[in-house]
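Only one structure is covered here, and it is reproduced in the block below.
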Amino acid sequence: MNRWSAYWTAFSTILFKEIMRFVRIWVQTILPPAITMTLYFVIFGKLIGEQIGEMDGFKYIDFIVPGLILMSVISNSYANVVSSFYSSKFQRHVEELLIAPVPNWVILAGYVGGGVARGVSVGIVVTVVAMFFTDISVHSYGVTLLVFVVTSILFATAGFINAVYANSFDDISIVPTFVLTPLTYLGGVFYSISLLPSFWQSVSLANPVLYMINAFRYGLLGVSDIPVAAAFGLIAVFTVILVGFALRLLDRGVGIKS
Amino acid sequence: MHALSIRGLEKTYGNGFQAVKGIDLDVPQGEFFALLGPNGAGKSTTIGIVSSLVNKSAGTVRVFGHDLDTDPSGVKAAIGLVPQEFNFNQFEPVEEIVINQAGYYGIPRREAKARAEQYLKQLDLWDRRRSEARQLSGGMKRRLMIARALVHRPGLLILDEPTAGVDIEIRHGMWAFLKTINAEGTSIILTTNYLEEAENLCRQIAIIDHGRIVQQARMDELLRRLHTETFVLTLADPLSAAPVVPGYPITLREDGNLEVTVDAERGVNPLFAGLTELGLKVTSLRNKQNRLEQLFIDLVKAGRLPKNNGEGRA
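First to last, the protein sequences are chains A and B.
Residue numbers for the first sequence follow the working numbering, beginning at 11 and rising by one.
Residue numbers for the second sequence follow the working numbering, beginning at 17 and rising by one.
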């Protein structure tokens, strides 16, 4: 058996298993973001948004659509991997992978692939929901798709690292609740940072999610608070660091081997 | 070539506990091998290291010539593991668990499905293939783990207490299955608390205690070393006092039957002659405990006492 074809089979097995997992429980994984985002579009987009007027030259609902789509992608990519990999530790079926000749990078790629699949699926669902409320135009398909996928990879990897360290179900909800949600809400989903006083504008620049949301907004609307190249650079650096760190954790068996 | 060869294996956990203290072990290819020891002796740690679930602190492990340090993939591909605890996704269908495991070993899905069908049928699980694993009985879950461990057709199958909590009928069925795959060439290492199981199945045995191998030999040789055996004799007419037969310590049981310890060299013939002389009719005879169990207890005790004494003197 060719080594690379064996790796491909192992990767596609993990990926298929991960996709089947979130599809099997679609009521918990796909439906809630669709409902939440519908409420966001109705309340913030239509009811409140029409009172707000324009932001950066766009109707308010058009301004918040990119951020809301990417927020769904971020939270679902993260949630899929953190819950799935932690469950595999908790039920000990991670051992099925540890005893098999699967390289650690294939294990990571399989789980991250599953997170990306859920992030992208939810992103598509939310985009379809958004189309009921406004016309979505795409300024740059390349930038849009690239941010969509790379952000998903980044947060799926972050979810994997969280799961490696987690020792209880509490541990897998702490980061999403106390880190991810504030960073996303303060990352310019609902406002342009140009509205903030200069001090808070500077503080906002330390938030990596701001760069992703703005790059995605650039892909859809053609406007961004920060240079798109800087956003891509930052996403790439974060992705490389987190993937490297996750592989190191796997190599050392942190949280999964004694 | 050995199916498994271990040299100087050591494991010290992060809390300083040394679970394995320099084990040397050889399991010949095609062997049915018992690894026995009391709870906490180091059996599961040793198995964990061999199957890549536990990082070793020192020593070498070779499986069919593949070195765990330089060729871990070769080692992993050659081993099938049936662990002590259930370690599958409880919410996944039975067939998917086996197919996915094959996929991790690089077996394409079509081939994996055919193999899953073969092993699930052999282990009487085919009718439950679409059930979620959590819906299976304890015995079925054990058999599912055996099917999963065999799906990549490993040369060495390691079973860590595979029949714990399994009823007698299913246990005997599993023994027959394991004997068959061993006869077909699969080397097997078994740990069990049912010493009758080890005596029935295994041709070689190693006893591990306090992280060290205290005995390794062929099963028949080991049993031959058993100097005394204790028998329970059922009498046609129960007694109220123990009879006296010279050379045989006889005790009276609560039910009026007899218990006697027989030296292997002396044999049982003079005992029966003596009992017949006393007019006693023996209707049945059985070992008080499994022979291997008796030997196991003797060896573990023997292994512990000198060490404890030695530590006391130092």
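Think of the CB as a built atom: it goes at the ideal place given N, C-alpha and C, for glycine as much as any other residue.
Small disclaimer: the values here were computed from a predicted structure and weren't measured.
Across the structure, Ile22/B and Asn71/B are spaced so that their CA atoms are roughly 14 Å apart. Along the stretch 89 to 106 of chain B, the positions whose C-beta sits under 9 Å from a C-beta of chain A are Ser89, Gly90, Val91, Lys92, Ala93, Ile95, Gly96, Leu97, Pro99, Glu101, Phe102, Asn103, Phe104, Asn105 and Gln106, read in chain order. Rounded to whole angstroms, the separation of the alpha carbons of Ile162/B and Val182/B is 13 Å. DSSP lists Lys27/B as the bridge partner or partners of Val36/B. Shown here for Val276/B: same chain residues with a beta carbon closer than 6 Å to its own, the five before and five after excluded, namely Phe247, Tyr264 and Ile266 in chain order.
The C-beta separation of Ser153/B from Gln100/B comes to about 17 Å, leaving the pair out of contact by the 8 Å criterion.
Burial check for Ile123/B: the Cβ neighbour count within 10 Å reaches 16 or more, so the residue is buried. In the DSSP assignment, Ser300/B falls within the beta strand (DSSP E) that extends over Val298 to Asn303. By the C-beta criterion, the stretch 214 to 234 of chain A is judged to be in contact with the stretch 66 to 86 of chain A, since at least 3 inter-stretch pairs fall below 8 Å. Among the CB atoms of chain B, none fall inside 8 Å of the CB of Ala246/A. The C-beta separation of Met47/A from Val139/A comes to about 5 Å, placing the pair in contact by the 8 Å criterion. Interface flag for Pro124/B against chain A is set, since a Cβ pair is found closer than 8 Å. Around the C-beta of Ile184/B, fewer than 16 other C-beta atoms lie within 10 Å, and the residue is accordingly described as exposed. Annotated three-state conformation of Gln138/B is helix, per DSSP. Only those residues of the stretch 98 to 120 of chain A whose C-beta falls short of 7 Å from the nearest C-beta of chain B are listed: Gln101, Arg102, His103, Glu105, Glu106, Leu107, Leu108, Ile109, Ala110, Pro111 and Val112.
Chain B has a Cβ within less than 8 Å of the Cβ of Ser268/A. For Ile79/A, the uninterrupted alpha helix (DSSP H) run begins and ends at Tyr70 to Phe100, by DSSP.
Here DSSP, grouped into helix, strand and coil, assigns Arg146/B to coil.
Note on geometry: alpha-carbon atoms of Phe54/A and Ile71/A lie some 7 Å from one another.
Looking only at Pro170/B, Arg228/B, Thr250/B and Gln117/B, the smallest Cα-Cα distance to Val316/B is reached by Arg228/B. Under the three-state reduction of DSSP, Tyr121/A is assigned to helix. With a contact defined as Cβ atoms closer than 8 Å, Gly171/B and Ala94/B qualify at about 5 Å. With respect to Gly75/B, Gly30/B sits apart: the two C-beta atoms are not nearer than 8 Å. Residues of chain B with a Cβ closer than 9 Å to the Cβ of Ser15/A are, in chain order, Gly122 and Pro124. When Cβ pairs closer than 8 Å are counted between the two stretches, the stretch 182 to 192 of chain A is seen not to touch the stretch 99 to 118 of chain A, the count staying below three. Taking 8 Å as the cut-off, the beta carbon of Gly197/A is found closer than this to the beta carbon of Val219/A. For Asn71/B, the C-beta contacts it makes with chain A under 8 Å involve Gly263, Lys267 and Ser268, in order along the chain.
Against Ser68/B, the close residues of chain A are Leu108 and Ile109, in the order they occur along the chain (beta-carbon pairs closer than 7 Å). Residue burial is scored here from C-beta neighbours: Gln38/A has fewer than 16 other C-beta atoms within 10 angstroms and is therefore classed as exposed. Using beta-carbon distances, Asn55/B does not count as an interface residue toward chain A, since no partner is under 8 Å. Looking at the DSSP output, Gly295/B sits in no beta bridge, so it has no partner there. With respect to chain A, the C-beta atom of Asn216/B has no partner C-beta closer than 8 Å.
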